[in-house]
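K.L.:
Using the working numbering, the letters of the sequence shown correspond one by one to residues 70 to 430.
Ideal Cβ placement from N, Cα and C applies to all residues, glycine included.
Only a predicted model underlies this, so the values are computations on that prediction, with no experimental measurement involved.
Here's a structure for you.
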Amino acid sequence: MTNEQLGKEGEQKIVDIVKEIEMELGIKVKTFGPVILFYYSIYGRVSCEIDHIFILNDLIILGETKNGKYKSLQYKNHVWNHLNGEITDNPIYQNNYHKNVFCSTFKICREKVITLELLLQYKSLQLKTQFVNDYVLGIDTIKDYLTLLFNYYNCHVENKEMVAICDKLKNYQYAYGSKINDHLKNLNRIKQIEEKTRTKDGYYRFKRTDSAKCEICNSYLSFDAGLELKRGNQRRTFEISLKCKNGHRILPRKDTRIGQTYGFSSVKVISLEKREGWGMEKQRTTIIDDFESLKKENLILKEQNKKILSNMKTFRKKVDEDIESLQETNLAMSNEIKQAEKEIGQYKHIIGKLYYKKNKE
70 MTNEQLGKEG EQKIVDIVKE IEMELGIKVK TFGPVILFYY SIYGRVSCEI
120 DHIFILNDLI ILGETKNGKY KSLQYKNHVW NHLNGEITDN PIYQNNYHKN
170 VFCSTFKICR EKVITLELLL QYKSLQLKTQ FVNDYVLGID TIKDYLTLLF
220 NYYNCHVENK EMVAICDKLK NYQYAYGSKI NDHLKNLNRI KQIEEKTRTK
270 DGYYRFKRTD SAKCEICNSY LSFDAGLELK RGNQRRTFEI SLKCKNGHRI
320 LPRKDTRIGQ TYGFSSVKVI SLEKREGWGM EKQRTTIIDD FESLKKENLI
370 LKEQNKKILS NMKTFRKKVD EDIESLQETN LAMSNEIKQA EKEIGQYKHI
420 IGKLYYKKNK E
């Protein structure tokens, strides 16, 4: 099975889990996905595909499904490696990127949106990531936490802002089939550019939501749409450059004296957060956080009870030892008294302090 087939299978598993929860709770969750969103950045016209969108009355959940196995799950690495060596985007960064595009597109506060990375081939995962309002779930926790979220937050959407988003998402969902081919071509083009602009330490030079302006005319720059150049009989090479609408072009900076390429390090990046005027995203305490806190408190109480029981056992052991020691002492004293009484019985009182020992018969 290919990675793409595994991905589709994983997305369907999540759909099935949601249906199970709906039947068990007697609710209907407003579910959308996959949905493709288009926007503009330094990469030109860019698109992203969101696997699952769950709209509740005062909370939106974005889910990114992964059904593969990886060489390692390093949350802070920008890319992960499948066991077959194929490189894929780290779903944690991918989902955060999707969230920013979603919030920018629908003009919604980021604190109203949480992200879930759904790793179907893993269990016992670290829940929190480097991003706020973001959670990584394994196959052992996906259903439980989705049940918590759907049950705690109102699935009956009456909030006008959420209703409007639902109406727009219906159109995006309807258009998915006509957009998927453009999205896949676009994705391939962007990945080629990313590989060309990757830094020495393996990080991408530009986020997909970044933008930059021409220093000459102040218009926005974008990567040329993949220039494939052929020099004589040489094979085609994929060359890139940044260009503004007025034709000003920026090429990767090179130092021919030492053969060192500096890429586009001189370009001043404008982040999506800056363009939108966003500050630092605030942590939202969700039912997941409350549940985790209760679990920790319960664990602490269990440890405390365990310690108390251990102390009680130690105390009881000490009491039992003391009782046993007293019993042994009492027995010894009783034996001594009996022996003394026996010895006293061997004497007969004459007068005053005079006694004589009876003869044994």
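Could you pull out every residue in the same chain whose Cβ sits closer than 8 angstroms to the Cβ of residue 161, ignoring the five residues on either side in sequence?
P.N.:
Counted from its first residue, the sequence shown places residue 161 at position 92. For residue 161, where only same-chain residues beyond five positions count, the Cβ hits under 8 angstroms are 144, 186, 198, 199, 200, 203, 205.
K.L.:
With a floor of 3 residues, list each beta strand (DSSP E) that falls wholly inside the segment 118 to 177, ordered by position along the chain.
P.N.:
List check, beta strand (DSSP E) in window: 121 to 124, 129 to 135, 148 to 150, 156 to 158.
K.L.:
Is it right to say residue 70 is buried, meaning 16 or more other beta carbons lie within 10 angstroms of its own, or is it exposed?
P.N.:
Counting from 1 along the sequence shown, the entry for residue 70 is found at position 1. Exposed.
K.L.:
Taking Cβ positions, are residue 214 and residue 128 nearer each other than 8 angstroms?
P.N.:
Indexing the sequence shown from 1 puts residue 214 at position 145. Indexing the sequence shown from 1 puts residue 128 at position 59. Taking 8 angstroms as the Cβ cut-off, residue 214 and residue 128 do not qualify as a contacting pair.
K.L.:
What span of residues does the beta strand (DSSP E) with residue 186 cover, start to end?
P.N.:
Working through the sequence shown from its first residue, we reach residue 186 at position 117. First-last of the beta strand (DSSP E) with residue 186: 182 to 188.
K.L.:
Please confirm whether residue 341 and residue 193 have their CB atoms less than 8 angstroms apart.
P.N.:
Counting from 1 along the sequence shown, the entry for residue 341 is found at position 272. Counting from 1 along the sequence shown, the entry for residue 193 is found at position 124. Going by C-beta atoms, residue 341 is not nearer than 8 angstroms to residue 193.
K.L.:
Can you give me the C-alpha to C-alpha distance between residue 281 and residue 130, rounded to a whole angstrom?
P.N.:
The count along the sequence shown starts at 1 and reaches residue 281 at position 212. The count along the sequence shown starts at 1 and reaches residue 130 at position 61. If I take the Cα positions, the gap works out to 30 angstroms.
K.L.:
Within 10 angstroms of its Cβ, does residue 73 collect 16 or more other Cβ (buried), or is it exposed?
P.N.:
For the purposes of this step, residue 73 is taken as residue 4 along the sequence shown, with counting starting at 1. Looking at its Cβ environment, which holds fewer than 16 other Cβ atoms inside 10 Å, residue 73 is exposed.
K.L.:
Mind checking residue 225: buried by the 16 CB within 10 Å criterion, or exposed?
P.N.:
Taking the sequence shown and counting its residues from 1, the one referred to as residue 225 is at position 156. Answer is exposed; the Cβ neighbour count stays below 16.
K.L.:
Taking just the CA atoms, how far does residue 217 sit from residue 356?
P.N.:
In the sequence shown, the residue the question calls residue 356 occupies position 287. In the sequence shown, the residue the question calls residue 217 occupies position 148. If you take the alpha carbons of residue 356 and residue 217, they lie about 7 angstroms apart.
K.L.:
For residue 207, list the residues DSSP reports as bridge partners.
P.N.:
Here the question's residue 207 lines up with position 138 in the sequence shown. Answer is 188.
K.L.:
Secondary structure at residue 296, three-state DSSP: helix, strand or coil?
P.N.:
Looking up residue 296 in the sequence shown gives position 227. Residue placement at residue 296 is flagged as unreliable, the pLDDT there being 49, under the threshold of 50; a coordinate-derived value is accordingly withheld.
K.L.:
With DSSP collapsed to three states, give me the class of residue 313.
P.N.:
In the sequence shown, counting from the first residue as 1, residue 313 sits at position 244. Strand at residue 313.
K.L.:
Which residues in the same chain have their Cβ closer than 7 angstroms to the Cβ of residue 337, if we skip the five residues on either side of it in sequence?
P.N.:
The sequence position of residue 337 within the sequence shown is 268, counting from 1. 281.
K.L.:
With distances taken between CB atoms, is the gap from residue 75 to residue 137 smaller than 8 angstroms?
P.N.:
Translated into the one-based positions of the sequence shown, residue 75 becomes position 6. Translated into the one-based positions of the sequence shown, residue 137 becomes position 68. Yes, these two residues count as a Cβ contact at 8 angstroms.
K.L.:
Buried or exposed: which applies to residue 278, given that a residue is buried once 16 or more other Cβ atoms fall within 10 Å of its Cβ?
P.N.:
Stepping through the sequence shown from its first residue, residue 278 is reached at position 209. When all chains shown are included, residue 278 counts as buried.
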